[in-house]
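Novice: Submitted below is the structure of interest, expressed as structure tokens.
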């Protein structure tokens, strides 16, 4: 390979493969060093440099100067070519990796090439990317030739190949689509402050405006809802709630729980919990189907939100104070103080900071450790009982036992033996003669 051929090779790779010329020169130099060491031994002191302007190669091995023709001649043209090709592939891989690594989190558009066992291959220019099953919106199907939008989730190397992994489930997809559909966001007038998402079902997006004249919620929704409809359509009908952001959690939390109406928010700073009080007729709406509304609101605002009515809170407080008073070393004043800070269970108490409990109760380290140890033991026992109740409920339901009998049976788990035997009623199974006796007869048995 003479100097002119070498320069043409570098220029061709730079233009056709979009590889930086310096990377190509470095790859060829590295290839020649590798090839010479194979010839002279791995310990040989080899140096190869190429003049970027003339293409002239200078090489030395253990202090011996070699000219370009001699270098290629000694190595062998075929060997040199193979090593150079390998190094060029590595340079091409590194160039692609750097290019796509900068795209992580960005919105891209491609064409579906094929789907195999749930994994969809997407063509994006000269790069094939994959959309794994776990990064697809549930229920979506993709066909060859479909245009698809996703965010670049991960970029990694596999041998000489670059592997680009896409996602349609990440919150960044919602964010990038908002930036694309809503000019005020790309212009910096409206800012997305937080996003919580359950892909294909529902998202909550908190926005704020730097210009008081611009209604951030209205701008995101658009005239007749056209802007939000475009985004929802792209996300397989995913419902999107727009929330007006405020730094005050007392204002943000009720907004995040809309359309439910909130009566009061009680913040428990020590454990990051927000107790939200609602009326009875708002309870199911605040919690949402399968807990979705409160779950998304919690993620959006960064507080552990618990929804309850005022009556339920009063009952929980009474139960918590009574339960804490059962712990050796606990005082009534400390139990009340803990409840006021939002500690409502043994599980809560088991993770309290010892220093905080020492200060609240004016206690020694040993006294605090004893209380926390008791709380941990009781929390573990409560978890065991809950798991046992879940298992028994599943077994009885599979056997055809009615709901009332299941409730009676599972409620006995964890009770002292004498108490359980005094109240327990045998669950009525379809083949236990229950149809021959009324409810009163069953109770007497």
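Residue numbers (our numbering): 1036 to 1480.
Glycine is no exception: its CB is placed at the ideal position from the N, C-alpha and C atoms.
1) Quick check on residue 1145: does DSSP put it in helix, strand or coil?
2) State yes or no: is the beta carbon of residue 1380 nearer than 8 Å to at least one beta carbon in chain D?
3) Roughly how many angstroms separate the alpha carbons of residue 1400 and residue 1333, rounded to a whole number?
4) Give me the DSSP bridge partner(s) of residue 1334.
5) Measure the CB-CB distance between residue 1365 and residue 1306 and report whether it falls below 8 Å.
6) Check the C-beta distance from residue 1384 over to residue 1373 and give it rounded, since I have them as a contact under 8 Å.
7) Enumerate in chain order the residues of its own chain whose CB-to-CB distance from residue 1284 is below 7 Å, with the five nearest sequence positions on each side excluded.
8) Relative to the alpha-carbon of residue 1179, which residue among 1093, 1154, 1219 and 1196 has its alpha-carbon at the smallest distance?
9) Can you name the residues that DSSP bridges to residue 1303?
10) Between which two residues does the alpha helix (DSSP H) containing residue 1190 stretch?
11) If you pair each beta-carbon of the segment 1137 to 1144 with each one of the segment 1207 to 1219, do three or more pairs fall below 8 Å?
12) For the alpha helix (DSSP H) containing residue 1383, name the first residue and the last one.
13) To the nearest angstrom, how far is the alpha carbon of residue 1427 from that of residue 1434?
14) Based on Cα-Cα distance, which residue from 1096, 1391, 1389 and 1063 lies nearest to residue 1087?
15) Using C-beta distances below 8 Å, list every residue in its chain close to residue 1425, excluding the 5 sequence neighbours before and after it, in chain order.
16) Between the Cα of residue 1358 and those of 1127, 1380 and 1132, spot the shortest distance and give me the residue it belongs to.
17) My understanding is that residue 1239 touches residue 1331, with C-beta atoms under 8 Å, so please give their C-beta distance in whole angstroms.
18) Would you mind sorting residue 1090 into buried or exposed? The rule is 16 or more other CB atoms within 10 Å of its CB.
19) Residues bridged to residue 1158 by DSSP?
20) Hey, quick one: how far does the beta strand (DSSP E) through residue 1343 stretch, first residue to last?
21) In angstroms, rounded to a whole number, what distance separates the CA positions of residue 1040 and residue 1159?
22) Put residue 1408 into one of helix, strand or coil per three-state DSSP.
23) With respect to the beta strand (DSSP E) encompassing residue 1244, which residues constitute its N-terminal and C-terminal limits?
24) Provide the residue(s) that pair with residue 1264 in DSSP beta bridges, ordered along the chain.
25) Between the alpha carbons of residue 1172 and residue 1189, how many angstroms are there, rounded?
26) Straight-line CA distance for residue 1397 to residue 1367?
27) Compare the C-alpha of residue 1187 against each of 1261, 1202 and 1327 and name the closest.
28) Assuming contact is defined by CB atoms lying nearer than 8 Å, are residue 1279 and residue 1290 in contact in what I supplied?
29) Near residue 1266, what residues of its chain come up, given a Cβ to Cβ distance below 8 Å and the 5 sequence neighbours on each side ignored?
30) For residue 1375, count neighbouring C-beta atoms within 10 Å of its own C-beta (all shown protein chains included) and say buried if the count is 16 or more, exposed if not.
31) Should residue 1120 go down as buried or exposed, given a rule of 16 or more other Cβ atoms within 10 Å for buried?
32) Please check the pair residue 1355 and residue 1342, which I expect to be a contact at CB under 8 Å, by giving their CB distance rounded to whole angstroms.
33) Exposed or buried, which one is residue 1249 when buried takes at least 16 other CB atoms within 10 Å?
34) Candidates 1046, 1127, 1294 and 1299: which alpha carbon is nearest residue 1348's?
35) When you compare only the Cα positions, how much space is there between residue 1326 and residue 1344?
36) Do residue 1243 and residue 1251 have their CB atoms nearer than 8 Å?
Specialist: Taking the structure as given:
1) Looking at residue 1145 - three-state DSSP - the assignment turns out to be strand.
2) Although the question refers to chain D, the structure presented lacks it and comprises just one protein chain.
3) About 34 Å.
4) Answer is none; residue 1334 lacks a bridge partner.
5) No. Outside cutoff.
6) The pair is a contact, with the Cβ atoms about 7 Å apart (cut-off 8 Å).
7) Closer than 7 Å at the Cβ level, and outside the excluded window around residue 1284, lie 1302, 1309, 1336 and 1338.
8) Across the set 1093, 1154, 1219 and 1196, the C-alpha of 1154 shows the shortest separation from the C-alpha of residue 1179.
9) Bridge pairing for residue 1303: 1308 [DSSP].
10) First-last for residue 1190: 1182 to 1193, but that is the beta strand (DSSP E), not the alpha helix (DSSP H).
11) The answer is yes - the segment 1207 to 1219 touches the segment 1137 to 1144, with three or more Cβ pairs under 8 Å.
12) Residue 1383 -> alpha helix (DSSP H) spans 1381 to 1385.
13) So the two alpha carbons sit approximately 11 Å from each other.
14) The residue with the shortest Cα to Cα distance from residue 1087 is 1063.
15) Once the five neighbours on either side are set aside, residue 1425 has no close Cβ partner at all.
16) Closest in alpha carbon position to residue 1358, among 1127, 1380 and 1132, is 1380.
17) That pair is a contact at about 5 Å.
18) Flag for residue 1090 reads buried.
19) Per DSSP, the beta bridge partners of residue 1158 are 1146 and 1163.
20) First-last of the beta strand (DSSP E) with residue 1343: 1339 to 1343.
21) So the alpha carbons of these two residues sit roughly 32 Å apart.
22) Helix.
23) Following the DSSP letters along the chain, one finds residue 1244 inside the beta strand (DSSP E) bounded by residues 1237 to 1244.
24) For residue 1264, no pairing in a beta bridge is given by DSSP.
25) Near 17 Å, if we compare the C-alpha coordinates of residue 1189 and residue 1172.
26) Between residue 1397 and residue 1367, the C-alpha separation is close to 13 Å.
27) Of the candidates 1261, 1202 and 1327, the residue whose Cα lies closest to the Cα of residue 1187 is 1202.
28) A contact, by the Cβ cut-off of 8 Å.
29) Apart from sequence neighbours up to five positions away, the residues of its chain that approach residue 1266 with a beta-carbon distance below 8 Å are 1209, 1212, 1213, 1216 and 1275, ordered along the chain.
30) By the Cβ neighbour-count rule, residue 1375 is exposed, with fewer than 16 other Cβ atoms within 10 Å of its own.
31) Its Cβ having fewer than 16 others within 10 Å, residue 1120 is exposed.
32) Rounded, the Cβ-Cβ distance is 17 Å, inconsistent with contact.
33) Classification for residue 1249: exposed.
34) Among 1046, 1127, 1294 and 1299, the Cα nearest to that of residue 1348 is on 1299.
35) Computed Cα separation, rounded: 16 Å.
36) Yes.
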